[in-house]
Amino acid sequence: MVRIISRSEWGARAPRDRSYVSWSQRTEVVVHHSAGPTTQTVRSIQDFHLDGRGWSDIGYNLLVDDDGAAYEGRGWTVAGAHAVGHNTSGIGICYIGQNSPTPAAKATIRALYDEASERAGRALPKRTHGDVNSTSCPGSNLQSWVDDGMPGGVGVIEEAMNMIINLRKGDGSETGKREHVKFLQIVLKEQGQDVGEYGVDGEYGGDVESAVLGARQAEGSEQDFGDWVSGWAAKQIIRGWVEQIVRDTVGSASGGALPDTVDVSGKLRLTK
Ligand SMILES: [Zn+2]
Numbered sequence: 501m502v503r504i505i506s507r508s509e510w511g512a513r514a515p516r517d518r519s520y521v522s523w524s525q526r527t528e529v530v531v532h533h534s535a536g537p538t539t540q541t542v543r544s545i546q547d548f549h550l551d552g553r554g555w556s557d558i559g560y561n562l563l564v565d566d567d568g569a570a571y572e573g574r575g576w577t578v579a580g581a582h583a584v585g586h587n588t589s590g591i592g593i594c595y596i597g598q599n600s601p602t603p604a605a606k607a608t609i610r611a612l613y614d615e616a617s618e619r620a621g622r623a624l625p626k627r628t629h630g631d632v633n634s635t636s637c638p639g640s641n642l643q644s645w646v647d648d649g650m651p652g653g654v655g656v657i658e659e660a661m662n663m664i665i666n667l668r669k670g671d672g673s674e675t676g677k678r679e680h681v682k683f684l685q686i687v688l689k690e691q692g693q694d695v696g697e698y699g700v701d702g703e704y705g706g707d708v709e710s711a712v713l714g715a716r717q718a719e720g721s722e723q724d725f726g727d728w729v730s731g732w733a734a735k736q737i738i739r740g741w742v743e744q745i746v747r748d749t750v751g752s753a754s755g756g757a758l759p760d761t762v763d764v765s766g767k768l769r770l771t772k
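Quick look at the structure:
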């Protein structure tokens with residue numbers, strides 16, 4: 501089960517009204533983007549839908565951010581306001597951002613899709629807003645990802661590698677690589693590396709250099725530099741991240757042995 505940040509946790513306002521949908525009426529998952537900044541809060545999206553649009557609540561059923569965190573919108577079984585003609589049949593999942601979702605965001609959307617199918621008791625068709633209404637939502641990146649079948653697992657790992665490979669010290673907003681560096685910082689942080697006092701800010705400075713070096717040394721590298729992410733370094737860093745996720749998820753329950761499939765708390769679904 502994906503850990504979903506509840507409405508009370510993100511400080512949701514009460515809905516004006518809600519109408520419930522049974523699982524038998526749910527026949528599709530519809531992917532959206534918010535088309536705003538990745539820093540937009542769920543609460544501000546709700547405010548806009550309540551006050552700006554005059555809707556009864558936030559339009560989406562679930563939302564996902566670049567860190568891979570999932571948020572409860574209307575939830576699994578409340579009719580949404582996200583796609584004309586598909587608000588009863590479709591579970592609307594919104595990526596908070598424009599057109600560069602991180603692998604973590606995609607992995608969580610995939611995990612939510614899997615959970616929706618599990619709850620529905622059958623594989624629900626994967627759709628985008630653009631598939632069901634005339635709109636450019638959710639952008640070309642998510643559209644082709646959904647067209648490809650929402651690859652999780654190995655596809656996500658490859659994409660994660662591609663996100664961080666060849667990043668260098670100095671990369672960030674000035675070199676147009678802020679989202680990539682942000683993802684590198686998330687990955688380093690999740691395996692226990694210190695990314696510095698500014699946290700996940702998308703800037704590859706001295707703190708990130710030390711964290712990259714730390715992650716490499718943890719993997720037994722003899723090459724002691726952290727000012728760029730070589731192909732070899734990217735592999736070690738992503739491997740450390742995946743292993744950490746597996747440890748967090750499987751813990752000691754399995755005695756250290758990996759099961760065939762690991763549903764890693766909404767981040768990745770790994771299959772041996
Ligand atoms: Zn949409």
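Residues 501 to 772 (my numbering) are what the sequence shown spells out, left to right.
Quick reminder that beta carbons are idealized off the backbone N, C-alpha and C, glycines included.
> How is I664 classed by DSSP in three states: helix, strand or coil?
Replying inline: In the sequence shown, the residue the question calls residue 664 occupies position 164. In the structure shown, I664 sits in a helix (DSSP, three-state: H, G or I).
>> Classify M650: buried if its beta carbon has 16 or more other beta carbons within 10 angstroms, exposed otherwise.
In response: For this step, residue 650 is matched to residue 150 along the sequence shown. Flag for M650 reads buried.
> So, helix, strand or coil for G630, using DSSP?
Replying inline: Position 130 of the sequence shown, counted from the start, is the residue given in the question as residue 630. The three-state reading of DSSP puts G630 in helix, counting H, G and I together.
> With burial defined as no fewer than 16 other Cβ atoms inside 10 Å of the residue's Cβ, what is the status of S623: buried or exposed?
Replying inline: Translated into positions along the sequence shown, residue 623 becomes position 123. As written in the sequence, residue 623 is Ala, which differs from the Ser given in the question. Counting the other Cβ atoms within 10 Å of the Cβ of A623 gives fewer than 16, which makes it exposed.
> Going by the beta-carbon positions, is the gap between A607 and D565 smaller than 8 angstroms?
Replying inline: Residue mapping note: residue 607 aligns to position 107 of the sequence shown, counting from 1. Residue mapping note: residue 565 aligns to position 65 of the sequence shown, counting from 1. In this structure, D565 does not lie closer than 8 angstroms to A607 by Cβ.
>> Give me, in chain order, the residues of the same chain whose beta-carbon lies closer than 8 angstroms to that of R780; leave out the 5 immediate sequence neighbours on both sides.
In response: It is not possible to answer for residue 780, since the shown part of the chain is limited to 501 through 772.
> CA-CA distance, S519 and H582?
Replying inline: On the sequence shown, position 19 is the one that residue 519 refers to. On the sequence shown, position 82 is the one that residue 582 refers to. Their backbone Cα atoms lie some 14 angstroms apart in a straight line.
> In three-state terms, what does DSSP make of E572?
Replying inline: Counting from 1 along the sequence shown, the entry for residue 572 is found at position 72. E572: strand per DSSP, three-state reduction.
> In terms of residues, what are the limits of the alpha helix (DSSP H) holding L688?
Replying inline: Numbered from its first residue, the sequence shown carries residue 688 at position 188. Note, L688: alpha helix (DSSP H), R678 to E690.
>> Using C-beta distances below 6 angstroms, list every residue in its chain close to K682, excluding the 5 sequence neighbours before and after it, in chain order.
In response: Taking the sequence shown and counting its residues from 1, one reaches residue 682 at position 182. Take K682, set aside five residues on each side of it, and the residues of its chain with a beta-carbon closer than 6 angstroms to its own are V700 and G702, in chain order.
> What is the rounded straight-line gap between the Cα of S710 and the Cα of G597?
Replying inline: What you label residue 710 is simply residue 210 of the sequence shown in a count that begins at 1. What you label residue 597 is simply residue 97 of the sequence shown in a count that begins at 1. Straight-line Cα distance between these residues: approximately 29 angstroms.
> Around the Cβ of R610, are there at least 16 other Cβ atoms within 10 angstroms (buried) or fewer (exposed)?
Replying inline: Here residue 610 refers to the residue found at position 110 of the sequence shown. R610 is buried by the Cβ-count criterion.
>> So for I505, helix, strand or coil by DSSP?
In response: The count along the sequence shown starts at 1 and reaches residue 505 at position 5. Judged by DSSP in its simplified three-state form, I505 adopts strand.
>> Is it buried or exposed, G559, if we count other Cβ atoms within 10 angstroms and call 16 or more buried?
In response: In the sequence shown, residue 559 corresponds to position 59, counting from 1. Under this definition G559 is a buried residue.
>> On the CB-based measure, 16 or more other CB atoms within 10 Å of its CB, does Q525 come out buried or exposed?
In response: In the sequence shown, counting from the first residue as 1, residue 525 sits at position 25. Exposed is the call here.
> Per DSSP, what kind of secondary structure is L550 in: helix, strand or coil?
Replying inline: In the sequence shown, the residue the question calls residue 550 occupies position 50. Secondary structure at L550: helix, using DSSP grouped into helix, strand and coil.
> Taking C-beta to C-beta, are V529 and G590 nearer than 8 angstroms?
Replying inline: Here the question's residue 529 lines up with position 29 in the sequence shown. Here the question's residue 590 lines up with position 90 in the sequence shown. The Cβ atoms of V529 and G590 lie closer than 8 angstroms to each other.
> Quick one: what's G590 bridged to in DSSP?
Replying inline: On the sequence shown, residue 590 is found 90 positions in, with the first residue counted as 1. In DSSP, G590 forms a bridge with E528.
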